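> Residue numbers (the working numbering): 2 to 306.
One structure follows; several queries about it will come next.
Shown next as structure tokens:
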């Protein structure tokens, strides 16, 4: 038995109405009249032999039977939009877009990018530093660099590295406070704290470090608490105090001598960092090159952690 699909225009009008919630909004998005939207929905109702719209005075809404059907139709149109974006990127020679946690982009990826650009000349990169995770299908983003279990929401992900934490400060701060290399003395010095928020309560903080190194009941009063690791590192480099830094974030500043490490010991981060991508991302050779490169850079961290 053959299954005949409804007319595409009727499905398009129905999908827009259900998503936007009104005939006028659907008409505006599709560039047609409200009457045309109503007519196409009637065509779809006749084809399906199913009432799709309930009217209460001047207000219209999807019927109960139509809601499940709309969810599936909307998923189909989402796929079509992703396919269109892939084609547009290919036609335009598409920039490589990388969305990532701000400090991960600024302090880890950015200092390494000269290496990628020297290998892939002429490939423009668009970097978006944000804590907001992209849509799960990665329809607008080619890659996402993120932390922890949130990576499981994306179609594809690859572990980059598990980071470690240790105390750092500026050379001038250490010269002024040479006792900072001892945990007991460090607990009494100006300390800069980092608080990622309640969702990351297991990330090591000063109390964890000091307790591990024998400081009993470490109750510190930090000189400042930062929500961004990058701003905390800048405060430490400016001599404001010591900070419990992640190796991947502090590495470049340590190489430049802006920061010095106060202990050879470290605390592991509870979860790894990941690179994530969508179903269609690797259809582009530029994207495949970037993925291979970023994984190779992560291996260098893993080899030294």
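Note that beta-carbon positions come from the ideal geometry of N, C-alpha and C, so glycine has one too.
Every value quoted in this text rests on a predicted model; they were computed, and no experiment measured them.
#1: Helix, strand or coil: which one does DSSP assign to residue 1?
#2: Is the CB-CB distance between residue 273 and residue 160 below 8 Å?
#3: When you compare only the Cα positions, how much space is there between residue 132 and residue 227?
#4: Within its chain, find whatever has a CB closer than 6 Å to the CB of residue 106; leave out the 5 residues flanking it on each side and keep chain order.
#5: If residue 42 and residue 15 are in contact, beta carbons under 8 Å, what's the gap, nearest whole angstrom?
#6: Helix, strand or coil: how does DSSP classify residue 278 here?
#7: Just curious, the beta strand (DSSP E) that residue 171 is in, first and last residue?
#8: Once DSSP output is grouped into helix, strand and coil, what is the label at residue 57?
#9: Does the beta-carbon distance from residue 170 to residue 261 come in below 8 Å?
#10: Who are the Cβ neighbours of residue 242 in its own chain at under 6 Å, not counting the five residues just before and after it?
#11: Between which two residues does the beta strand (DSSP E) harbouring residue 44 extend?
#12: Less than 7 Å between C-beta atoms, sequence neighbours within five positions excluded: which residues of the same chain meet that for residue 1?
#13: Exposed or buried, what is residue 34 when buried is set at 16 or more other beta-carbons lying within 10 Å of its beta-carbon?
Here's the rundown:
#1: Outside the displayed span of the chain (2 to 306) sits residue 1, for which this structure offers no information.
#2: Sequence index remark: in the chain shown, residue 273 carries index 272 (1-based). Sequence index remark: in the chain shown, residue 160 carries index 159 (1-based). Closer than 8 Å, so yes.
#3: For the purposes of this step, residue 132 is taken as residue 131 along the chain shown, with counting starting at 1. For the purposes of this step, residue 227 is taken as residue 226 along the chain shown, with counting starting at 1. Roughly 15 Å separates the two Cα atoms.
#4: Your numbering for residue 106 matches position 105 in the chain shown. Counting only Cβ-Cβ distances below 6 Å, and skipping sequence neighbours, we find 128 and 130.
#5: Position 41 of the chain shown, counting from 1, holds the residue named residue 42. Position 14 of the chain shown, counting from 1, holds the residue named residue 15. Sure, about 6 Å apart at Cβ, within 8 Å.
#6: Here residue 278 refers to the residue found at position 277 when the chain shown is read from its first residue. The answer is strand: DSSP assigns residue 278 an E or B state.
#7: Here residue 171 refers to the residue found at position 170 when the chain shown is read from its first residue. Unbroken run through residue 171: none, as it is neither H nor E.
#8: Counting from one through the chain shown, the residue named residue 57 turns up at place 56. Residue 57: strand per DSSP, three-state reduction.
#9: Here residue 170 refers to the residue found at position 169 of the chain shown. Here residue 261 refers to the residue found at position 260 of the chain shown. Yes, these two residues count as a Cβ contact at 8 Å.
#10: As a working note, residue 242 is residue 241 in the chain shown. 191, 192, 193 and 224, listed in sequence order.
#11: Here residue 44 refers to the residue found at position 43 of the chain shown. Segment 35–49 is the alpha helix (DSSP H) holding residue 44; no beta strand (DSSP E) there.
#12: Missing from the structure shown is residue 1; the chain here goes from 2 to 306 and no further.
#13: Your numbering for residue 34 matches position 33 in the chain shown. So residue 34 counts as exposed.
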